[in-house]
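**Q**
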Amino acid sequence: MLKIAITGPESTGKSTLSEQLANHYQTVWVPEYARSYIGNLNREYTLKDIEAIARGQIQLEKQLQAEAGVILIADTDLLVLKIWSEHAFGRCPDFILENLAQQDYNLYLLMGVDLPWEPDPQREHPHLRQFFYDWYKRELHQMGAAFAEIAGQQEQRFANARQHIDALLRQHKL
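Reminder that position 165 of the sequence shown reads as 164 in numbering that gives the first Met the number 0, one-by-one numbering, no gaps.
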């Protein structure tokens with residue numbers, strides 16, 4: 000099974016692209032566990048919450064892998080949680096760092112910040128999207144991860160992502 004992680008700053012179309020790709024490749028996509036977790040909090044989130052979100056995200060992905068076909072699409076990954084944690088709290092729980100080092104995605108799709116910001120109660124940094132994009136890109140390079148930058152409007156993003164995934168499928172002869 001090939002695993003694709005959609006990553007990048009807030010409001011860059013990660014969920015939309017995840018759903019489009021899952022439909023196109025007739026597979027499942029792993030939604031962002033943080034959305035429901037934070038949505039159910041009646042207080043400000045803490046560093047412990049980010050670790051709990053990481054645990055929930057890992058568990059959700061494991062559950063959905065059983066339903067996936069040739070490809071699994073993940074709407075988010077632990078890199079998102081690492082950057083979120085380091086920015087919000089100045090550090091990242093060891094659990095996230097250890098599991099991030101073990102992630103086994105075949106390809107990361109790094110979403111560009113050229114889509115308009117869409118306000119959402121859970122989004123925090125409309126003015127820092129380029130800052131976060133650059134941070135994600137540095138981290139992906141440091142991880143030695145295979146990644147592709149995805150930019151343009153939704154249809155362009157979808158077409159660009161499919162090109163990269165199709166090339167990966169050909170490479171793996173799946």
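The C-beta atom is built at its ideal place from N, Cα and C for all residues, glycine as well.
Mapping the DSSP letters down to three states, classify tyrosine 44 as helix, strand or coil.
**A** Residue state, collapsed to three classes: coil.
**Q** Would the beta-carbon of leucine 59 fall within 9 Å of that of leucine 167?
**A** The answer is no: Cβ separation not under 9 Å.
**Q** How close, in whole Å, do the beta carbons of glutamine 153 and threonine 15 come, if the pair is a contact with beta carbons under 8 Å?
**A** That pair is a contact at about 6 Å.
**Q** Using DSSP with H/G/I as helix, E/B as strand and the rest coil, what is valine 69?
**A** Three-state result, valine 69: coil.
**Q** For alanine 150, I'd like the list of residues in its chain whose CB is within less than 6 Å of its CB, leaving aside the five on either flank, ordered along the chain.
**A** Hits under 6 Å: Gly111, Asp113.
**Q** What are the boundary residues of the beta strand (DSSP E) that includes alanine 4?
**A** Element bounds for alanine 4: 1–6.
**Q** Can you tell which of Trp116, Pro125, Glu50 has its C-alpha closest to the C-alpha of glutamate 96?
**A** It is leucine, not glutamate, that sits at residue 96 in the sequence shown. For the residues Trp116, Pro125, Glu50, the minimum Cα distance to leucine 96 belongs to Glu50.
**Q** Where does tryptophan 116 fall in DSSP's three states?
**A** Coil.
**Q** Thinking just about the alpha-carbon of each residue, which of Gln141, Glu138, Met142, Asp103 is nearest to the one in alanine 4?
**A** Minimum Cα distance to alanine 4 is reached at Asp103.
**Q** So for alanine 147, helix, strand or coil by DSSP?
**A** If DSSP states are grouped into helix, strand and coil, alanine 147 belongs with the strands.
**Q** What did DSSP end up calling leucine 174 once you bin it into helix, strand or coil?
**A** Examination of residue 174 is not possible in this model, given that the chain is present from 0 through 173 alone.
**Q** Where DSSP assigns a beta bridge to methionine 142, which residues make up the other side?
**A** In the DSSP output, where bridge partners are listed per residue, methionine 142 has none listed.
**Q** I need the straight-line Cα distance from alanine 53 to arginine 169, nearest angstrom please.
**A** Going from the Cα of alanine 53 to the Cα of arginine 169 covers about 32 Å.
**Q** Apart from the five residues on each side of it in sequence, which residues of its chain come closer than 7 Å, Cβ to Cβ, to glycine 12?
**A** Once the five neighbours on either side are set aside, the close Cβ partners of glycine 12 are Met110, Leu114, Gln153, Arg156.
**Q** Taking the C-alpha atoms as reference points, what is the distance between alanine 147 and lysine 81?
**A** In a straight line, the C-alpha of alanine 147 is about 20 Å away from that of lysine 81.
**Q** Express the C-alpha separation of threonine 75 and asparagine 98 in angstroms, rounding to a whole number.
**A** Spanning the two alpha carbons is a distance of roughly 14 Å.
**Q** Can you find the residues in the same chain that come closer than 7 Å, C-beta to C-beta, to tryptophan 134, ignoring five residues on each side of it along the sequence?
**A** Within the same chain, tryptophan 134 has close Cβ partners Ile82.
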